[in-house]
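For the working numbering, count along the sequence shown from 1 and bump the result up by 51. Backbone N, C-alpha and C define an ideal beta-carbon position, used for all residues, glycine too. All values derive from a computational prediction rather than experimental measurement.
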Amino acid sequence: MVGKCTSLCGRVCQAAGLTLLTGLALRAADIVHLKNGRSVEGLIREETDRFVTLDLGAGSMKVPRSGILRIERGDDEARTRTREAWQERHWLHVKHVPAGFEALAARMRALMAERQAVIRLQDAAGKEEADVRRMDERMQALQTRMAEVARELETLTPAADAARYNARVVEHNRINADLALLSSQREAQDKRRNDALARIHAYRDMALAFRADYTEQAKRSASESGARFLARLAKRLEAFESEFSAEDIKAEQEPGGLVVTAVINGRTHGRFIVDTGAGMVTLTEAFADKLGLDWRRAPAGRATLADGQVVEARYLTLASVQVGGMRVADVQAAVLPSTAQQNVDGLLGMSFLRHFHVSLDGRTGRIVLREFAPR
């Protein structure tokens, strides 16, 4: 039940015990003035001894006679003008959809609802981003301390210094437990983000399918009302499609995988293997030096390479990482010893990739990064 308070305040008002929301842009044909000083605009559809039923364009409401002060009735011209205004404003409502376009209108309403759902999911994932960074920083600090404790344990013997040895063993076990908990929490956050990305991708497919059906039906439309309706649909669909951007990148195929060029901190180009299994972007020590990073003084920790080798890592935050036209700020990264592949500068891991829906095609050597930015 919706209507319009004729006062210019624009606030939600109470009339005869019913909530009224903002409604028509033009003055409606009939105005029901209420004893509480408010009024409701619409078209009177039915009157009884107890109620007056108003058509409100996209719904209706019953106003008790006991709450009505007087009724101001419009003429036929005002009624026609009101119906035309409703047709413009509520063009997707079932009452105003031209015959033959009901199914297409229903699908557009479903598309609009899905868009709102993915926006909420994406907003929720975005709000977690700061938590993700803090959690990763905490994990890096724990890994640094774990490495220090491990080195100290190597120098101790239980018989010579039992108290100190036992204290470090207890600390080592506590750090292990904390890391396991943080890892579980990060996996849950990654799942929520991946679910959001999958939902966005499904919404994009839904929009593409709608575009195909719209194009087919537009070929068969001949009526003036149908043409106007299709023009409105096209405008709305174009706005939705403009919220998607995609970067189609031609990668180089190397023994370690697909390699792309990335711009780090807005100025230095490097060659990176795209690795969805890597938790974060990694840099070789040589490339970190090329960037001018003071990485040797960054927090240290242990990292396990793909071949199982455990190496020391230095953790830091990059100002930005950009691949093609896709840029992400404040990207967590690890500096690792140079690998056997001397022709690459690191891995493009999930601290960058998790912001996009990623499609990899090893056969053609193409990578597509898709982003949804609602306006």
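Range of the contiguous beta strand (DSSP E) that encloses residue i
i, result
"Glu-92", "90-98"
"Asp-256", "Element bounds for Asp-256: not the beta strand (DSSP E) but the alpha helix (DSSP H), 213-271."
"Val-183", "First-last for Val-183: 180-206, but that is the alpha helix (DSSP H), not the beta strand (DSSP E)."
"Lys-440", "It is not possible to answer for residue 440, since the shown part of the chain is limited to 52 through 426."
"Val-395", "Val-395 -> no beta strand (DSSP E), and no H or E assigned at all."
"Gly-308", "308-315"
"Asp-412", "408-412"
"Phe-423", "417-423"
"Val-83", "81-85"
"Arg-121", "119-123"
CB of residue i within 7 angstroms of CB of residue j, strictly
i, j, result
"Glu-128", "Tyr-254", "no"
"Gln-240", "Gly-352", "no"
"Ala-385", "Tyr-366", "yes"
"His-84", "Arg-124", "no"
"Phe-407", "Ile-251", "no"
"Ile-324", "Leu-342", "no"
"Arg-219", "Glu-205", "no"
"Arg-322", "Val-332", "no"
"Arg-189", "Arg-405", "no"
"Leu-230", "Leu-193", "yes"
"Ser-371", "Gly-330", "no"
"Leu-105", "Gly-118", "no"
Assigned exposure category for residue i - 16 Cβ within 10 Å defines buried
i, result
"Thr-99", "exposed"
"Val-148", "buried"
"Gly-74", "Bear in mind that a pLDDT of 39 at Gly-74, under 50, signals an unreliable position, so the number given afterwards is only what the model happens to contain. The residue is buried, with at least 16 neighbouring Cβ atoms inside 10 Å."
"Gly-177", "exposed"
"Met-159", "buried"
"Arg-348", "exposed"
"Met-401", "buried"
"Thr-195", "buried"
"Ala-260", "exposed"
"Glu-135", "exposed"
"Gln-167", "exposed"
"Arg-89", "buried"
"Met-163", "exposed"
"Thr-133", "buried"
Three-state class that DSSP yields for residue i in the structure shown
i, result
"Ala-76", "Below a pLDDT of 50, predicted positions are generally treated as unreliable, and Ala-76, at 41, falls in that range; the measurement from the model is reported next regardless. In the structure shown, Ala-76 sits in coil (DSSP, three-state: anything other than H, G, I, E or B)."
"Leu-360", "First, the residue type needs correcting, since residue 360 is Gln and not Leu in the sequence shown. The answer is coil: DSSP assigns Gln-360 none of H, G, I, E or B."
"Met-331", "coil"
"Leu-344", "coil"
"Leu-107", "coil"
"Gly-321", "strand"
"Ser-274", "coil"
"Gly-375", "coil"
"Thr-133", "helix"
"Arg-140", "helix"
"Gly-451", "With the chain running from 52 to 426 in the structure shown, residue 451 is simply not present."
"Asp-326", "coil"
"Ala-34", "Look at the range of the chain in this structure, 52 to 426, and you will see that residue 34 is not part of it."
"Asp-174", "helix"
"Phe-102", "strand"
"Val-148", "coil"
"Arg-365", "strand"
"Asp-126", "coil"
Host alpha helix (DSSP H) of residue i (start-end)
i, result
"Ser-402", "401-404"
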